[in-house]
Amino acid sequence: MITVVGGGFAGVEAAWGAAERGSKVRLYEMRPQRMTPAHKTGLLAELVCSNSFKSKAPTSPAGQLKAEMVGLGSLVIPLGEEHSVPGGEALCVDRDRFASAVTERIDQHPNIDLVREEFRPGDHDGPLVVATGPLTSPDLSAWLASLTGREHLYFYDAVSPVVDASTLDPSIVFAQSRYDKGGDDYLNCPFDKDKYEAFVHALVTAERAPIHDFEAEGDQSVPLEDRLLAKINYFAGCTPIEAIADKGARSLAFGNFKPVGLTDPRTGRRPYAALQLRPENREKSLYSLVACQTRLKWGEQKRVFRMVPGLAQAEFVRLGVIHRNTYIEAPRVLGQNLELRQHPGIYVAGQLTGVEGYVESAAMGIYAGIMAHRADRGLPPEPPPRASAFGSLLAHLQDATPRDFAPMNINWGLFPEPSETTRDKGVRRAAQLEAARKAFDGWRARLG
Ligand SMILES: Cc1cc2nc3c(=O)[nH]c(=O)nc-3n(C[C@H](O)[C@H](O)[C@H](O)COP(=O)(O)OP(=O)(O)OC[C@H]3O[C@@H](n4cnc5c(N)ncnc54)[C@H](O)[C@@H]3O)c2cc1C
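Next comes the structure, spelled out in structure tokens:
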């Protein structure tokens, strides 16, 4: 018997994936008895915010991921298509019809026993899949922390924007470590005084994301914004860049963007300020903006950060967020089959693994369900090939590059570079897509 905890996007896919392959599954969901701060119903796979499952285009990273999910027998993608509503380029769904249909299919599956209770550790026998999501209940979080080590479980997600390396302007951005010590892993975006001042003005006047009450519980007499800043500082050890810029026009030039030890090769001088970019993966196809954790609205982030010299044409594969989110430091604690390295038999799925979004979480549910099923049957794990969309998401979870590990959505930068390098984006992406499709077909055949 496989036990799955959490009836969200990952949990329903894990339960469905294992049950459809013949395993008996017990699925625990605590709602509606016990609600999370964001869910409103007792339905499984409830969408807590937007109703978008990202791009429908088969040639996009999200389109390829969805195609692979369908190829593995996904529950949520076909039901999303069945209950779609007009959404332009994106697959948007009628949230109530969709979640009701998922709930009904799970409820009626002969191999799934749906238990409407909060899971208590110890209530299982056989493989366990933990898929309790960004708002995992406090008791279960404490238990997870005891398994992973408290330092490898996060409660807040503080992410700087991430850009696609191929969209940086190489005539402005230069590779250099401070005082030329430590190689050329870092890239630098040099500001002159005028550009710096224009950037800071745009930053402090840009629109910020609203704060949910549950993100900043605590003393009600303290203003919500201050409560949130205190939580972010305590749990994530950082302050949003806009809050630092609020303190004074030069606070970034003396702090996050200090230019000491850097020489701009174009001028031979130290820049007025410099934003540094750090590689996010082994392939250096993605770079994060160092110390730019932010709560600006997403559209505003693109507008403001494109004012940074060298980023005018940057493609943002991940925008900054600072919000309540439970997830583990996957590269340290998770094996390739999503099993806790120190606790064989316990699998982690969904957003808890360090992916972001409904679709990516559901994908990591399917994969965990299949791995748990294979273990239940005594079959060896069969990890996805690197070139597939599944393999690309997994590469993010397994990449031990020193960095602040943060959740990621599927994007081109996670796919491996094609063997023939070219700066033509269209050609490169077509090759990446073809490699993904071919690799996925082989994997599916091996999984049987
Ligand atoms: C406020 C907010 C807004 C978001 N907005 C978006 C968005 O617009 N677009 C997007 O793509 N993603 C969004 N996300 C992220 C999205 O919710 C997740 O990516 C996705 O739901 C994760 O799937 P999951 O299965 O890992 O977790 P969930 O879907 O959250 O499912 C986890 C389930 O586990 C249950 N559970 C928790 N603890 C226990 C327990 N001890 N016992 C039993 N059951 C338990 C919960 O009730 C829940 O049903 C948002 C998240 C939050 C918190």
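If you're matching positions, the sequence shown starts at 24 in our numbering and goes up one per residue. Beta carbons: idealized from backbone N, C-alpha and C, even for Gly.
Determine the contact status of A395 and V99, defining contact as a CB-CB distance below 8 Å. For this step, residue 395 is matched to residue 372 along the sequence shown. For this step, residue 99 is matched to residue 76 along the sequence shown. No, the Cβ-Cβ distance between A395 and V99 is not below 8 Å.
Terminal residues of the alpha helix (DSSP H) in which K77 lies: For the purposes of this step, residue 77 is identified with residue 54 of the sequence shown, where counting begins at 1. From DSSP, K77 is part of no alpha helix (DSSP H) but of the beta strand (DSSP E) over S75 to S78.
Close beta carbons around M286, own chain, < 8 Å, minus the five adjacent residues each side: Within the sequence shown, numbered from 1, the residue matching residue 286 stands at position 263. Correcting the residue identity first, residue 286 is Thr in this sequence and not Met. Excluding positions up to five away in sequence, the list reads Q199, R292 and R293.
Between the CA atoms of T290 and V356 - distance to the nearest angstrom: The residue you call residue 356 lines up with position 333 of the sequence shown. The residue you call residue 290 lines up with position 267 of the sequence shown. Taking the straight line from one Cα to the other gives about 45 Å.
Relative to the C-alpha of T376, which residue among A188, P354 and R397 is closest? One-based indexing of the sequence shown puts residue 376 at position 353. Per the Cα distances, P354.
Which residue or residues does DSSP assign as beta-bridge partners of S411? Residue 411 sits at position 388 when you count from the first residue of the sequence shown. In DSSP, S411 forms no bridge with anything.
Can you tell me where the beta strand (DSSP E) with H366 in it begins and where it stops? The residue labelled residue 366 in the question sits at position 343 within the sequence shown. Looking at the DSSP string, H366 is not in any beta strand (DSSP E), and its letter there is neither H nor E.
Taking only runs of the alpha helix (DSSP H) that begin and end inside the stretch 212-270, which ones reach a length of at least 4 residues, in chain order? 216-228, 247-254 and 264-269
Just to confirm the assignment, what range does the beta strand (DSSP E) spanning R118 have? Position 95 of the sequence shown, counted from the start, is the residue given in the question as residue 118. Taken as a continuous stretch (DSSP letters only), R118 belongs to no beta strand (DSSP E), being part of the alpha helix (DSSP H) at R118 to Q131.
Could you pull out every residue in the same chain whose Cβ sits closer than 8 Å to the Cβ of V125, ignoring the five residues on either side in sequence? Here residue 125 refers to the residue found at position 102 of the sequence shown. Excluding positions up to five away in sequence, the list reads V35, L66, L67, A68, L98, V99 and L102.
7 Å Cβ shell around Y381 - same chain, five flanking residues per side excluded: Within the sequence shown, numbered from 1, the residue matching residue 381 stands at position 358. Cβ within range, chain order: F32, L70 and F76.
Between which two residues does the alpha helix (DSSP H) containing P193 stretch? Position 170 of the sequence shown, counted from the first residue, corresponds to residue 193. It is not in any alpha helix (DSSP H) - P193 carries neither H nor E in the DSSP assignment.
So the candidates are D208, Q131, G465 and D203; which of them puts its Cα closest to the Cα of P302? Counting from one through the sequence shown, the residue named residue 302 turns up at place 279. Ranking the options by Cα distance to P302, first place goes to D208.
Taking Cβ to Cβ, would you say G436 is nearer than 8 Å to S183? As a working mapping, residue 436 is identified with position 413 in the sequence shown. As a working mapping, residue 183 is identified with position 160 in the sequence shown. Not a contact, by the Cβ cut-off of 8 Å.
Which of helix, strand or coil does DSSP assign to P302? Here residue 302 refers to the residue found at position 279 when the sequence shown is read from its first residue. Looking at P302 - three-state DSSP - the assignment turns out to be strand.
Alpha carbon to alpha carbon, what distance is there between I351 and Q365? Along the sequence shown, one-based indexing puts residue 365 at 342. Along the sequence shown, one-based indexing puts residue 351 at 328. Straight-line Cα distance between these residues: approximately 14 Å.
Can you give the Cα-Cα distance for L191 and F214, rounded to whole angstroms? Position 168 of the sequence shown holds residue 191. Position 191 of the sequence shown holds residue 214. Each residue's Cα considered, the two are about 15 Å apart.
Just checking E141 against ligand 1 - is the residue's beta carbon closer than 7 Å to any of the ligand's heavy atoms? To locate residue 141, count along the sequence shown from 1; it is residue 118. Yes, ligand 1 has a heavy atom inside 7 Å of this Cβ.
Start-to-end residues for the beta strand (DSSP E) that takes in I25: In the sequence shown, counting from the first residue as 1, residue 25 sits at position 2. Note, I25: beta strand (DSSP E), I25 to V28.
Segments of 3+ residues assigned as beta strand (DSSP E) that fall wholly inside the stretch 317-394: 339-341, 344-351 and 369-371
The stretch 106-117 / the stretch 74-89 touching (three or more Cβ pairs under 8 Å): yes
Does DSSP classify F197 as helix, strand or coil? Walking along the sequence shown from the start, residue 197 turns up at place 174. Residue state, collapsed to three classes: strand.
Excluding the 5 residues preceding and the 5 following Y177 in the sequence, name in chain order all residues of the same chain whose CB lies nearer than 6 Å to its CB. Mapped onto the sequence shown, residue 177 falls at position 154. So the qualifying residues of the chain are Y350.
Output yes or no for whether 8 Å exceeds the beta carbon distance between Q299 and V283. In the sequence shown, residue 299 corresponds to position 276, counting from 1. In the sequence shown, residue 283 corresponds to position 260, counting from 1. Their beta carbons are not under 8 Å apart, which means Q299 does not touch V283 by this criterion.
Straight-line CA distance for V108 to R469? For this step, residue 108 is matched to residue 85 along the sequence shown. For this step, residue 469 is matched to residue 446 along the sequence shown. Rounded to the nearest angstrom, the two C-alpha atoms are 36 Å apart.
Beta carbon of G86: closer than 7 Å to some heavy atom of ligand 1? By 1-based counting over the sequence shown, the position of residue 86 is 63. No; taking the cut-off as 7 Å, the Cβ of G86 has no heavy atom of ligand 1 nearer than that.
Where does S442 sit, in a helix, a strand or coil, going by DSSP? As a first step, residue 442 must be located in the sequence shown, where it is residue number 419. Of the three classes helix, strand and coil, the one that applies to S442 here is coil, per DSSP.
If E91 and F413 are in contact, beta carbons under 8 Å, what's the gap, nearest whole angstrom? Reading the sequence shown from its first residue, position 68 is the one you call residue 91. Reading the sequence shown from its first residue, position 390 is the one you call residue 413. Yes, they are in contact, since the Cβ atoms of E91 and F413 sit about 6 Å apart, within 8 Å.
Alpha carbons only, please: which of T317, Y257, F142 and K216 is nearest the one belonging to I264? For the purposes of this step, residue 264 is taken as residue 241 along the sequence shown, with counting starting at 1. When each option's Cα is compared against that of I264, the closest is T317.
Alpha carbon of F328 to alpha carbon of D427, nearest angstrom: Numbered from 1 along the sequence shown, position 305 holds the residue referred to as residue 328. Numbered from 1 along the sequence shown, position 404 holds the residue referred to as residue 427. Rounded to the nearest angstrom, the two C-alpha atoms are 20 Å apart.
What residues match up with V450 in a beta bridge as DSSP calls it? The residue labelled residue 450 in the question sits at position 427 within the sequence shown. The partner list for V450 (beta bridge, DSSP) is empty, contrary to what the question assumes.
Limits of the unbroken beta strand (DSSP E) element including S311: Stepping through the sequence shown from its first residue, residue 311 is reached at position 288. S311 -> beta strand (DSSP E) spans L309 to L312.
Thinking C-alpha only, which one of Q56, E52, E43 and S83 is nearest A454? The residue you call residue 454 lines up with position 431 of the sequence shown. With distances taken between Cα atoms, A454 lies closest to S83.
Measuring only from the beta carbon, is C115 closer than 7 Å to any heavy atom that is part of ligand 1? Position 92 of the sequence shown holds residue 115. It does not: the Cβ of C115 is nowhere closer than 7 Å to a heavy atom of ligand 1.
Kindly indicate the opening and closing residues of the beta strand (DSSP E) around L50. Taking the first residue of the sequence shown as position 1, residue 50 is located at position 27. Here the beta strand (DSSP E) through L50 covers V48 to Y51.
Among the candidates R460, M24, G322 and Y370, whose CA atom is the shortest distance from the CA of H147? Here the question's residue 147 lines up with position 124 in the sequence shown. It is M24 whose Cα lies nearest to the Cα of H147.
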